[in-house]
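Okay, so the sequence shown: first residue is 755 according to this note's numbering, each after it adds one. The C-beta atom is built at its ideal place from N, Cα and C for all residues, glycine as well. Since this is a predicted model, take the numbers as computed values, not measurements.
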Amino acid sequence: MASADIQAVKRRIKSVSTMEHVTNAMKLVSAAKLRRAKATFERTHEHFMYLTHSIAEVFNNAEEVPELYLEGSREIKNTCYIVITGTKGLCGSFNTNVIKEAEREIMKNDSHPMIVAIGTKGRDYFAKRDFEIVESYISPAETISFLDSQKMSKPILTMFNEGEIDEVILVYTSFISTLTQEVKTVRLLPFDIQSDPDIIKHDKPVEYEPTVEDVFNYMVPKFVEITLYGAIVESATCEHAARRTAMENAAENANEMLGELSLYYNRARQEAITNELIEIVAGSEAQQST
């Protein structure tokens, strides 16, 4: 092997080694962020489950539910898709999976799609394909607070109440474990109410003051707000988990490549040294023969 080729392998080893250090550092950072995000997700999930159960009690114990929020109360002409992606890459197929699922939902429905994009990856993808982006938020999911999610929810609720949109579908990534995340699709509005005997606590209908409509006008926005915030927190947790896994795999691949390159480099050096020795011996023998 020529000296130039050996130097090229040496430079390759140096670049792969640098890459291994970077990916390993990113893995450690992602692991730290994952621990914090997971703790926030677990706290938020408890509140979300409590509120969801409370709303289910109202649905199942009230005599009348305002038709505005019920499935079948209007024709579905415009559907708002809230798509939660990340603002950065290097997280495997995290962003791609969410975008593909959102596209499948859009193609499956006949209604006009309107996109609320949380995260730049989803916004850029749908904007390039000329989808209607009604709102976009570019802040990383981990930096979005509950107050921010309230502000995001208000225009969506206003459009739904005024009939500009007839359906709200949330597409995000659900956290199963550190190694497993699944894309989830949830319809926020309208509700499909089905009587659940396990939730009905009273033999007689419950009376709500001042009216059932007032109770729902208060609880439905809260439900949308906390569901959206919960999905944002969960999505941030999944993004860190996906990035940690991706960086761990990248670091392992870099280590394997370093081993192969080092073996190749050492063999090449040995071959070069052997060739030099052969030349020296051959030259020495040639001098002696003369």
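Non-local beta-carbon contacts of Gly846 in its own chain, meaning distances under 7 Å to residues more than five positions away in sequence, involve Ala996, Thr999, Ala1000 in chain order. For Ser899, there is no enclosing beta strand (DSSP E), as DSSP marks it with neither H nor E.
Shown here, Ile930 sits in coil according to DSSP, grouped into three states, outside any helix or strand.
Here Ser769 is exposed. Its C-beta has fewer than 16 other C-beta atoms within 10 Å. DSSP, reduced to helix, strand and coil, places Pro975 within a helical segment of the structure shown. DSSP places Glu829 in no beta strand (DSSP E); its state is neither H nor E.
Between Ile887 and Ala881, the gap from beta carbon to beta carbon is short of 8 Å. Per DSSP, reduced to three states, the secondary structure at Ile919 is coil, with no helix or strand assignment. Between Met906 and Leu1017, the alpha-carbon positions lie close to 55 Å from each other.
Leaving aside the five residues that flank Ala1005 on each side, the residues in its chain whose CB is nearer than 7 Å to its CB run, in chain order, Glu774, Thr777, Asn778, Lys781. Burial check for Tyr879: the Cβ neighbour count within 10 Å reaches 16 or more, so the residue is buried. Under DSSP, the beta-bridge partners assigned to Glu889 are Val870.
Just measuring C-alpha positions, the residue of Ile1034, Arg1023, Ile1032, Ala1040 sitting nearest Ile760 is Arg1023.
Secondary structure at Glu963: coil, using DSSP grouped into helix, strand and coil. Under the DSSP definition of a beta bridge, Lys938 partners with Tyr926. Per DSSP, the unbroken alpha helix (DSSP H) holding Glu859 starts and ends at 848 to 862. Collapsing the DSSP output to three states places Leu943 in a strand.
In this model, Tyr983 and Val783 are separated by some 24 Å (Cα to Cα). Between the C-alpha atoms of Val852 and Asn915 there is a straight-line separation of about 27 Å.
Rounded to whole angstroms, the separation of the alpha carbons of Gly876 and Ile910 is 18 Å.
Here the stretch 921 to 939 lies against the stretch 977 to 992, with 3 or more beta-carbon pairs under 8 Å apart. Rounded to the nearest angstrom, the gap between the Cα atoms of Thr798 and Phe929 is 13 Å. Cβ-Cβ distances below 7 Å link Glu1010 to nothing in the same chain once the five nearest sequence neighbours on each side are left out.
The C-alpha of Glu829 is placed about 47 Å away from the C-alpha of Ala786.
With fewer than 16 other Cβ atoms from the protein chains shown falling within 10 Å of its own Cβ, Met861 counts as exposed. In the assembly as shown, Asn849 is a buried residue. Its beta-carbon has 16 or more other beta-carbons within 10 Å. Ser931 has its alpha-carbon roughly 40 Å from the corresponding atom of Lys764.
Rounded to whole angstroms, the separation of the alpha carbons of Asn1007 and Asn1020 is 20 Å.
With fewer than 16 other CB atoms across the displayed protein chains lying within 10 angstroms of its CB, Leu901 is exposed. Counting the other Cβ atoms within 10 Å of the Cβ of Lys908 gives fewer than 16, which makes it exposed.
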